[in-house]
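Start counting the sequence shown at 1; every next residue gets the next number (the numbering used here).
Worksheet for the structure shown next.
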Amino acid sequence: MPGPEHSPPSVLDIVFGYTAAPMMNVAARLEIADKLADGMKTSSELALATETHEPSMYRLLRALACFGVVTHTESDTFELGPAGSSLRSDSPDSVRSMVMLLCAEETWRSWGRLEHSVRTGDPAWDQVNGISHFDFLAQHPEHAETFNSAMAEYTKAATPGIVERYDFSRFSTLADIGGGDGTLLAAILNSAPAMRGTLFDLPAGIEGARRTLEEAGVADRADIVSGDFFSSIPAGPEACVLKSVLHDWDDRKCVEILRRCREAMPGGGTVLVIEPVLPPHVSSPSIMGVVMSDLNMLVNTGGRERTEAEFRALFSAAGFSLTSLTGEGTDFCVLEATPA
Numbered sequence: 001m002p003g004p005e006h007s008p009p010s011v012l013d014i015v016f017g018y019t020a021a022p023m024m025n026v027a028a029r030l031e032i033a034d035k036l037a038d039g040m041k042t043s044s045e046l047a048l049a050t051e052t053h054e055p056s057m058y059r060l061l062r063a064l065a066c067f068g069v070v071t072h073t074e075s076d077t078f079e080l081g082p083a084g085s086s087l088r089s090d091s092p093d094s095v096r097s098m099v100m101l102l103c104a105e106e107t108w109r110s111w112g113r114l115e116h117s118v119r120t121g122d123p124a125w126d127q128v129n130g131i132s133h134f135d136f137l138a139q140h141p142e143h144a145e146t147f148n149s150a151m152a153e154y155t156k157a158a159t160p161g162i163v164e165r166y167d168f169s170r171f172s173t174l175a176d177i178g179g180g181d182g183t184l185l186a187a188i189l190n191s192a193p194a195m196r197g198t199l200f201d202l203p204a205g206i207e208g209a210r211r212t213l214e215e216a217g218v219a220d221r222a223d224i225v226s227g228d229f230f231s232s233i234p235a236g237p238e239a240c241v242l243k244s245v246l247h248d249w250d251d252r253k254c255v256e257i258l259r260r261c262r263e264a265m266p267g268g269g270t271v272l273v274i275e276p277v278l279p280p281h282v283s284s285p286s287i288m289g290v291v292m293s294d295l296n297m298l299v300n301t302g303g304r305e306r307t308e309a310e311f312r313a314l315f316s317a318a319g320f321s322l323t324s325l326t327g328e329g330t331d332f333c334v335l336e337a338t339p340a
């Protein structure tokens with residue numbers, strides 16, 4: 001019989017948990033972790049550096065100390081806590097942009113309309129903001145910058161495991177579709193020295209890609225092409241990689257994307273979809289992250305996380321057949337599909 005320390009949180013504990021998200025967002029936006037990187041500071045010093053109200057800054061810092069973001073060392077002195085380093089913009093494991101993306105006012109308001117999405121199946125984002133999520137990004141460059149930076153952070157954290165689990169070296173040419181700043185493609189090219197790659201994304205998505213590829217030492221084996229994967233994809237690769245792309249879209253749009261991949265590989269080829277795979281039923285809190293991501297897609301983009309059976313159905317509708325699944329039970333699986 002589990003003791004009290006193992007008891008699940010109460011409903012009120014769960015509900016009050018919403019307060020933590022805006023706290024992390026404000027800490028990220030004010031760059032509090034960056035400002036504490038060189039040592040402890042008083043709340044007055046941090047208020048001055050962030051142009052905020054000193055007594056209120058003190059109250060925020062005291063609350064952040066409860067989550068380990070900062071450590072309350074003296075009555076009015078704080079230093080960076082164990083959880084705070086990931087909020088530094090220069091940290092290798094930074095999630096600062098992801099925090100600002102998930103806690104943006106537009107996202108926050110959309111989650112407030114979750115009931116609308118549950119009742120209709122439509123993204124609340126569109127109702128709240130009067131425009132689809134990706135059209136909004138196209139019209140608001142500052143939000144697009146945060147989005148792209150967050151995707152780069154997310155990919156950077158996941159890439160070592162992906163490259164370790166799947167052997168990409170069997171392909172001589174590969175296109176990373178919707179590949180953002182090139183973080184994943186750079187790692188794949190480094191794992192496969194004989195491969196040549198193509199990075200393909202919207203113009204805003206590939207900003208900074210050349211620098212990423214150069215720093216990884218693979219720029220001479222990579223082409224950067226801008227475009228819209230709903231229209232066409234650069235022709236000729238042996239394999240097309242889609243990481244964290246299909247979950248943004250409903251089934252109809254996903255089938256369109258997969259068909260564009262098939263058109264780009266007229267002689268056959270392989271599609272590699274890199275996404276979480278939901279189990280058929282929830283049996284453990286350990287999958288909470290992907291389940292919450294699934295709801296986030298419902299609310300904001302109209303997309304979804306999928307089970308293996310749902311991926312099989314997508315592939316079949318686009319003329320592919322699922323041939324292997326690598327990394328089952330991990331945060332990111334590689335689903336390999338070839339033309340049926």
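Every residue, glycine too, gets a C-beta built ideally from N, C-alpha and C.
Computed from a predicted structure; not experimentally measured.
- Message: With H, G and I counted as helix, E and B as strand and the rest as coil, what does DSSP make of P339?
- Response: What you label residue 339 is simply residue 339 of the sequence shown in a count that begins at 1. Three-state DSSP puts P339 in a strand.
- Item | Sequence ranges, alpha helix (DSSP H) only - wholly within the region 167-253, length at least 4 | Every alpha helix (DSSP H) stretch that sits fully inside the region 167-253 and reaches 4 residues is listed by chain position as 183-191 and 209-215.
- Message: Quick check on the DSSP output: the beta strand (DSSP E) that includes F320 runs from which residue to which?
- Response: Locating residue 320 in the sequence shown gives position 320, counting from the first residue. Run containing F320: F320 to T326, per the beta strand (DSSP E) assignment.
- Length-filtered (4 minimum) alpha helix (DSSP H) runs lying within the region 245-297: Taking only runs of at least 4 residues, the alpha helix (DSSP H) segments lying wholly in the region 245-297 are 251-264.
- Query: Excluding sequence positions up to five away, which residues of its chain have a Cβ less than 6 Å from the Cβ of I224?
  - Reply: Walking along the sequence shown from the start, residue 224 turns up at place 224. Counting only Cβ-Cβ distances below 6 Å, and skipping sequence neighbours, we find L199, I206 and A209.
- Around the Cβ of I342, are there at least 16 other Cβ atoms within 10 angstroms (buried) or fewer (exposed)? Not covered by the structure: residue 342. The range shown for the chain is 1 to 340.
- Relative to the C-alpha of L246, which residue among L46, L335 and V99 is closest? Along the sequence shown, read from residue 1 onward, the residue named residue 246 stands at position 246. The candidate whose alpha carbon is nearest that of L246 is L335.
- V69 and A83 look like a contact to me (Cβ under 8 Å); what is the Cβ gap, rounded to whole Å? Along the sequence shown, read from residue 1 onward, the residue named residue 69 stands at position 69. Along the sequence shown, read from residue 1 onward, the residue named residue 83 stands at position 83. Under the criterion of beta carbons closer than 8 Å, V69 and A83 qualify as touching, at roughly 5 Å.
- Task: Could you tell me if S286 is buried or exposed, where buried requires 16 or more neighbouring beta carbons within 10 angstroms of its beta carbon?
- Result: Along the sequence shown, one-based indexing puts residue 286 at 286. Under this definition S286 is an exposed residue.
- Query: If you draw a straight line from the C-alpha of E328 to the C-alpha of P55, how long is it?
  - Reply: For this step, residue 328 is matched to residue 328 along the sequence shown. For this step, residue 55 is matched to residue 55 along the sequence shown. Spanning the two alpha carbons is a distance of roughly 49 Å.
- Secondary structure of T77, DSSP reduced to three states: Translated into positions along the sequence shown, residue 77 becomes position 77. The answer is strand: DSSP assigns T77 an E or B state.
- Item | Enclosing alpha helix (DSSP H) for G112 [first to last residue] | Position 112 of the sequence shown, counted from the start, is the residue given in the question as residue 112. Taken as a continuous stretch (DSSP letters only), G112 belongs to no alpha helix (DSSP H), as it is neither H nor E.
- How big is the Cα-Cα spacing for G303 and T270? Counting from 1 along the sequence shown, the entry for residue 303 is found at position 303. Counting from 1 along the sequence shown, the entry for residue 270 is found at position 270. If you take the alpha carbons of G303 and T270, they lie about 23 Å apart.
- Task: Using the DSSP secondary-structure output, state which residues sit across from V334 in a beta bridge.
- Result: Within the sequence shown, the letter at position 334 stands for residue 334. Paired residues: I274 and T326.
- Task: Measure the C-alpha to C-alpha separation of G227 and P141 and round it to an integer number of angstroms.
- Result: As a working mapping, residue 227 is identified with position 227 in the sequence shown. As a working mapping, residue 141 is identified with position 141 in the sequence shown. Roughly 17 Å between the two C-alpha positions.
- Look at the alpha carbon of L36 and the alpha carbon of T42, and state the distance between them as a whole number of angstroms. As a first step, residue 36 is located in the sequence shown; it is residue number 36 there, counting from the start. As a first step, residue 42 is located in the sequence shown; it is residue number 42 there, counting from the start. C-alpha separation (whole angstroms): 10 Å.
- Of the listed residues R252, V299, T52 and M151, nearest to R119 (C-alpha basis): Taking the first residue of the sequence shown as 1, we reach residue 119 at position 119. For the options R252, V299, T52 and M151, the alpha carbon positioned closest to that of R119 is the one of V299.
- Skipping 5 residues on each side, what residues in its chain have a beta carbon closer than 7 Å to that of F67? Numbered from its first residue, the sequence shown carries residue 67 at position 67. Here the set comprises A20 and A83.
- Query: Is V277 buried or exposed, if buried means 16 or more other CB atoms sit within 10 Å of its CB?
  - Reply: Here residue 277 refers to the residue found at position 277 of the sequence shown. V277 is buried by the Cβ-count criterion.
- Message: Less than 8 Å between C-beta atoms, sequence neighbours within five positions excluded: which residues of the same chain meet that for L314?
- Response: For the purposes of this step, residue 314 is taken as the residue at position 314 of the sequence shown. The residues are L246, D251, C254, V255, L258 and R306.
- Task: Determine the closest residue to L64 out of L242, A150, I32 and A158, with distance taken between C-alpha atoms.
- Result: The residue labelled residue 64 in the question sits at position 64 within the sequence shown. Taking each of L242, A150, I32 and A158 in turn and checking the Cα distance to L64, the smallest one comes out for I32.
- Query: When we look at the beta-carbon of R211 and count the other beta-carbons within 10 Å, is it buried (16 or more) or exposed?
  - Reply: Within the sequence shown, the letter at position 211 stands for residue 211. Using a 10 angstroms sphere on the CB of R211, the tally of other CB atoms stays under 16, which defines it as exposed.
- Task: Have a look at N296 and W111 and give me their C-alpha separation to the nearest angstrom.
- Result: As a working note, residue 296 is residue 296 in the sequence shown. As a working note, residue 111 is residue 111 in the sequence shown. The C-alpha of N296 lies about 8 Å from the C-alpha of W111.
- Identify which residue in R260, M288, S283 and V282 has its Cα closest to the Cα of G319. Counted from its first residue, the sequence shown places residue 319 at position 319. It is R260 whose Cα lies nearest to the Cα of G319.
- Would the region 164-175 and the region 135-149 be scored as touching if the rule is three or more Cβ pairs under 8 Å? The region 164-175 makes no contact with the region 135-149: fewer than 3 CB pairs, one atom from each, lie closer than 8 Å.
- Item | Buried versus exposed call for I188 [16 or more other C-beta atoms within 10 Å across all chains shown] | As a first step, residue 188 is located in the sequence shown; it is residue number 188 there, counting from the start. Using a 10 angstroms sphere on the CB of I188, the tally of other CB atoms reaches 16 or more, which defines it as buried.
- Cβ atoms of L102 and A27: under 9 Å apart, would you say? Residue numbering aside, residue 27 sits at position 27 when the sequence shown is read from its first letter. Residue numbering aside, residue 102 sits at position 102 when the sequence shown is read from its first letter. No. Outside cutoff.
- Message: DSSP three-state label for V128, please.
- Response: Position 128 of the sequence shown, counting from 1, holds the residue named residue 128. Helix.
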